[in-house]
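Asker: Quick one: this structure, given as structure tokens, is what I'll be asking you about.
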Amino acid sequence: MVLKKREGTVNQGQALGSAYSVTSMLSAILVRLLFKIRIPGRAAFTINSIYMKILPRDTVQNGENLTLQCIVDVSTTSRVKPKHSLLFYKDDVLFYNVSSIENTESYVIPQARVYDAGIYKCSVILNNKQKTTAESQVLVKGVPRPRVTLDKKETIEGGTVTVNCSVPEERAPIHFTVEKHDLDTKGFRQKREKTSQKQNFVTLEFTVEEQDRLLSFHCQASIVSGNRVETSESTRSELVTVTESFSMPKFNVSPQGKITEGEQLRIVCTIQVRHLAQFPEIIIQKDKVIVAHSNHGSEAVYSVMAMMEHNGNYTCKVEASRISKVTSIMVNITELFSKPKLESPTIRLDKGGSLDLWCSIPGAPTANFTIQKGHTVVSQSQNFTKIASKWDSGTYTCTAGIGKVVKKSNTVQIAVCEMLSKPKIFRDSKSEVIKGQAIEVSCQSSDGTSPIFYQLFKANNVLKSHNMSSNEPAVFKDNPTKDVEYYCIVDNCHSHTKMVSEVLRVKVIAPVEEVKLSILLTEVVETGKPIVLRCSVNNASGPITYTFYREKEGKPFYQIISNETQAIWHESQASKEQEGQYYCTASNRANLAKKVPQSNALTVRVFLSPWKKGLIAVVIIGVIIALLILGARCYFLKKAKAKQNPVAMSRPGAPLLNSNNEKMLSDPNTEANRHYGYSEDVGNHAMKPINENKEPLTSDV
């Protein structure tokens, strides 16, 4: 059996880890070579089994030796044992391989660490045959105790201590927890955690606070292994001695014992500075208000004449860089006399009334009194009385003094009310108001004490209210839609009743918005009967201009200005020429010139009366009959002329005429032909049209 050992030192272990990558590359080449190995001869062989044994067990303590054994059982017909290759894997990564004829090969891991935990297996390759063991999990429990080093063993308040915590035997990542402990207190004073991803140590800096005296630092390391976390024991560092930079501040209050108002109060805060290059800042506070401070010495002083307002808790705070030390003291002051009280029977009075003020001290000790309005002294006695004017409004106080102690009373706010003048009501413009247009109504009392309360009424209903802090007009906005009346009521602090203004009447012009054209009788009118068109509008304000149009005619045929909401156009006798479509427009001064409303179009039809139709028919028939009679007459006249012309032309003797006449009378066919416009030639008996050498009959007609 060939035994392979891992070097015991950490550096050798790290070298082995870095050699894994080189081994992985070489193993690929080695496997190819092994597959090309052929056993000489015709010997037969087979791999019966292969398994891995972990010694002493699969779970070991950190630092304990660990041995991996790969055991192979091979059968062969050859007298010589065949040479095979054994490959060792951790987490599917080849880390060791060996060629051997032995059945057992071992790999030793001296002083196993957490990073050695994982899934192990081994494979055997014999010629072109390969077999692999089942996977075996190796657990390494525990982490070596970390090493703790400090950069110093002595420091001062406000300084820093650098702590180095490391686990040289293990590999990153490692999670470190470092705690700062003070031997005088239980538990840790500060705790910090940090994970080192690439190194097996961390360096942390801790601030030394004012309460620290004798410090130690505890370090603990944790490593994640698979789904488990292995944690080390805690290691304590050497002790660090802390020296005070300066002492705790101390108070010194004088006079000692009972302190009465009027005495000089002196509060001193002192410290002792030990190891600082410059003095720290000393601050004295009363209820978070800084009353004294110093940064150029070892004390700060607050000196003042004692008054009741100096009662309370005083704090001395000393600050230097990161260090702050605080101490407190309670100071009690005995009251010499109570705070004076200023009174008045009323704080609101009318102009001309009596203003009365008096100042008093509980217990009625002898004192010097003054009464002031603002910063002006109005009386040097306890009482003040006068006839009130509007200039007497303001804030009044009184002071009382006994010896050096002077106290100020409460404030009394006096309001002297001047009666309001009758309010004036007016609006922003004298121009007419168009319906829906915003207007501003103003109400003003020029005299009287403010604040002034204004109420605007619209048709006896409160529209809006305003509080004015001066005598400027109160402006109200409204959008009236019809004629309306406004008035306002004003009031202030005066006891007089409220004042009412005059009535403001506002006339609102309603523009023409909708125009409608209608016919009062019927849309189909008989000639001679009247046509009545009505152009009507909504509730618009007059005067209104009504204009009537016939379509396709640019100019109106009728226009009228009226205060009514309708206009009538009347035609007493309709004629056919008045047939067609009609429309109308209506506008008043509230309508813009380019937006004059137009009505609907209305069609009017005119027809003839029955007697006129009969008369026309009779006339037409009469004309036709007259034309027929005239035509017949002309026809017979022409026929008579036609008979006379042939007789005149052939008259040398009477017999010829007689024979022809006889023939014409005796021949009915010839007569019939004449009716169709033909005559018989006397000489050759030929037939030709009668009108051959004449104008047509129609031309005569």
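Using the UniProt record's numbering, you'd call the opening residue of the sequence shown number 1 and step up by one each time.
Note that beta-carbon positions come from the ideal geometry of N, C-alpha and C, so glycine has one too.
Compute the beta-carbon to beta-carbon distance between Val208 and Thr155, rounded to the nearest angstrom, for a pair I have assumed lies under 8 Å.
Answerer: Position 208 of the sequence shown, counting from 1, holds the residue named residue 208. Position 155 of the sequence shown, counting from 1, holds the residue named residue 155. Their Cβ separation, rounded to whole angstroms, is 5 Å, which keeps Val208 and Thr155 in contact under 8 Å.
Asker: Going residue by residue through the segment 565-615, where are the continuous alpha helix (DSSP H) segments of at least 4 residues, counting only ones entirely within it?
Answerer: For the segment 565-615, not a single whole alpha helix (DSSP H) run of length 4 or above is found.
Asker: Going by C-alpha to C-alpha distance, which of Ala586, Ile519, Ala540 sits closest to Leu533?
Answerer: Working through the sequence shown from its first residue, we reach residue 533 at position 533. For the residues Ala586, Ile519, Ala540, the minimum Cα distance to Leu533 belongs to Ile519.
Asker: Leaving out the 5 sequence neighbours to the left and right, which residues in its chain are closer than 7 Å to Leu336 when beta-carbon positions are compared?
Answerer: Translated into positions along the sequence shown, residue 336 becomes position 336. Thr260, Glu261, Gly262, Ile402, Val405, listed in sequence order.
Asker: Which of helix, strand or coil does DSSP assign to Ile439?
Answerer: Walking along the sequence shown from the start, residue 439 turns up at place 439. Three-state result, Ile439: strand.
Asker: Based on DSSP bridge pairs, tell me the residues matched to residue 712.
Answerer: Absent from the structure is residue 712, since the part of the chain shown begins at 1 and ends at 701.
Asker: What is the C-beta distance between Val318 and Lys325, in whole angstroms, given that I count them as a contact (C-beta under 8 Å)?
Answerer: Position 318 of the sequence shown, counted from the start, is the residue given in the question as residue 318. Position 325 of the sequence shown, counted from the start, is the residue given in the question as residue 325. Indeed, because the Cβ distance is near 5 Å, the residues count as touching under 8 Å.
Asker: If you draw a straight line from the alpha carbon of Val304 to that of Lys498, how long is it in whole angstroms?
Answerer: Within the sequence shown, residue 304 is the residue found at index 304, counting from 1. Within the sequence shown, residue 498 is the residue found at index 498, counting from 1. For Val304 and Lys498, the distance between alpha carbons rounds to 55 Å.
Asker: Under the three-state reduction of DSSP, which class applies to Leu349: helix, strand or coil?
Answerer: Working through the sequence shown from its first residue, we reach residue 349 at position 349. If DSSP states are grouped into helix, strand and coil, Leu349 belongs with the strands.
Asker: Can you tell me which residues form a DSSP beta bridge with Arg534?
Answerer: Locating residue 534 in the sequence shown gives position 534, where the first residue counts as 1. Beta-bridge pairing links Arg534 to Ser518, Ile568.
Asker: Under three-state DSSP, which class holds Pro375?
Answerer: What you label residue 375 is simply residue 375 of the sequence shown in a count that begins at 1. The identity of residue 375 in the sequence shown is His, whereas the question assumes Pro. Coil.
Asker: Which of the three DSSP states, helix, strand or coil, is assigned to Asp491?
Answerer: In the sequence shown, the residue the question calls residue 491 occupies position 491. Reduced to three states, the DSSP call for Asp491 is strand.
Asker: Do the CB positions of Ile489 and Val503 come within less than 7 Å of each other?
Answerer: Looking up residue 489 in the sequence shown gives position 489. Looking up residue 503 in the sequence shown gives position 503. No; because the gap between Cβ atoms is not below 7 Å, this pair is not in contact.
Asker: Taking Tyr107 as part of the beta strand (DSSP E), name the residues at either end of that continuous run.
Answerer: Locating residue 107 in the sequence shown gives position 107, where the first residue counts as 1. 104-109 is the extent of the beta strand (DSSP E) around Tyr107.
Asker: Quick check on Ile223: buried or exposed, where buried means 16 or more other Cβ atoms within 10 Å of its Cβ?
Answerer: Locating residue 223 in the sequence shown gives position 223, where the first residue counts as 1. Burial call: buried.
Asker: Could you check what DSSP says for Ala617 in three-state terms: helix, strand or coil?
Answerer: As a position in the sequence shown, residue 617 is number 617, starting the count at 1. Helix at Ala617.
Asker: Counting only beta-carbon separations shorter than 7 Å, does Pro340 have a partner in chain D?
Answerer: In the structure shown, chain D does not exist; there is a single protein chain.
Asker: Spell out a yes or no on whether the segment 469-487 and the segment 559-579 are touching, meaning 3 or more CB-CB pairs, one atom from each, closer than 8 Å.
Answerer: With the cut-off at 8 Å, the segment 469-487 and the segment 559-579 do not touch.
Asker: In three-state DSSP terms, what is Lys407?
Answerer: Here residue 407 corresponds to residue number 407 of the sequence shown, with the count starting at 1. In the structure shown, Lys407 sits in a strand (DSSP, three-state: E or B).
Asker: Looking only at C-alpha atoms, which of Lys507, Glu440, Asp447 sits nearest to Lys477?
Answerer: One-based indexing of the sequence shown puts residue 477 at position 477. Of Lys507, Glu440, Asp447, the residue nearest in Cα terms is Glu440.
Asker: Can you tell me whether DSSP reads Phe636 as helix, strand or coil?
Answerer: Within the sequence shown, the letter at position 636 stands for residue 636. Residue state, collapsed to three classes: helix.
Asker: For Leu355, which residues from the same chain have a beta carbon less than 8 Å from its beta carbon, with the 5 sequence-adjacent residues on both sides left out?
Answerer: Position 355 of the sequence shown, counting from 1, holds the residue named residue 355. The residues are Ser344, Leu349, Phe384, Thr385, Lys386, Ile387, Ala388, Asp392, Ile414, Val416.
Asker: With H, G and I counted as helix, E and B as strand and the rest as coil, what does DSSP make of His218?
Answerer: For the purposes of this step, residue 218 is taken as residue 218 along the sequence shown, with counting starting at 1. Strand.
Asker: Identify the continuous beta strand (DSSP E) that holds Gln190 and give its terminal residues.
Answerer: Sequence index remark: in the sequence shown, residue 190 carries index 190 (1-based). Element bounds for Gln190: 188-196.
Asker: Just mark Pro146 as buried or exposed, buried being the case when its beta carbon has 16 or more other beta carbons within 10 Å.
Answerer: Numbered from its first residue, the sequence shown carries residue 146 at position 146. It is buried - the Cβ of Pro146 has at least 16 other Cβ atoms within 10 Å.
Asker: Can you tell me whether Glu514 is buried or exposed, with buried defined as 16 or more other CB within 10 angstroms of its CB?
Answerer: Here the question's residue 514 lines up with position 514 in the sequence shown. That one is exposed.
Asker: Between the Cα of Ala474 and the Cα atoms of Lys638, Tyr582, Ser442, which residue gives the shortest distance?
Answerer: The residue you call residue 474 lines up with position 474 of the sequence shown. Among Lys638, Tyr582, Ser442, the Cα nearest to that of Ala474 is on Ser442.
Asker: Mind checking which residues open and close the beta strand (DSSP E) that includes Ala292?
Answerer: Translated into positions along the sequence shown, residue 292 becomes position 292. Element bounds for Ala292: 289-294.
Asker: Given His293, which residues of its chain have a CB within under 8 Å of its CB, disregarding the five upstream and five downstream residues?
Answerer: As a working mapping, residue 293 is identified with position 293 in the sequence shown. Closer than 8 Å at Cβ, skipping near neighbours: Glu281, Ile282, Ile283, Ile284, Ala300.
Asker: Can you tell me the Cβ-Cβ gap for Ser232 and Ala320, rounded? I've got them flagged as a contact below 8 Å.
Answerer: Sequence index remark: in the sequence shown, residue 232 carries index 232 (1-based). Sequence index remark: in the sequence shown, residue 320 carries index 320 (1-based). That belief does not hold up - the Cβ atoms of Ser232 and Ala320 are roughly 38 Å apart, past 8 Å.
Asker: Return helix, strand or coil for Asp92, following the three-state DSSP convention.
Answerer: To locate residue 92, count along the sequence shown from 1; it is residue 92. The answer is coil: DSSP assigns Asp92 none of H, G, I, E or B.
Asker: Taking 7 Å as the limit between beta carbons, can you name the residues of its chain near Asn467, skipping five residues before and five after?
Answerer: The count along the sequence shown starts at 1 and reaches residue 467 at position 467. Pro451, Phe453, listed in sequence order.
Asker: Taking 8 Å as the threshold, find out whether the segment 571-581 comes into contact with the segment 538-552 through three or more Cβ pairs.
Answerer: Touching, per the Cβ criterion.
Asker: Going by CA-CA distance only, name the one from Thr522, Thr527, Asn588 that's closest to Pro543.
Answerer: Position 543 of the sequence shown, counting from 1, holds the residue named residue 543. Minimum Cα distance to Pro543 is reached at Asn588.
Asker: Quick one, which of Leu214, Phe607, Ile616 has its alpha-carbon nearest Val240's?
Answerer: Residue numbering aside, residue 240 sits at position 240 when the sequence shown is read from its first letter. The residue with the shortest Cα to Cα distance from Val240 is Leu214.
Asker: For the beta strand (DSSP E) holding Ala300, just list the boundary residues, first then last.
Answerer: Your numbering for residue 300 matches position 300 in the sequence shown. Segment 299-305, the beta strand (DSSP E) holding Ala300.
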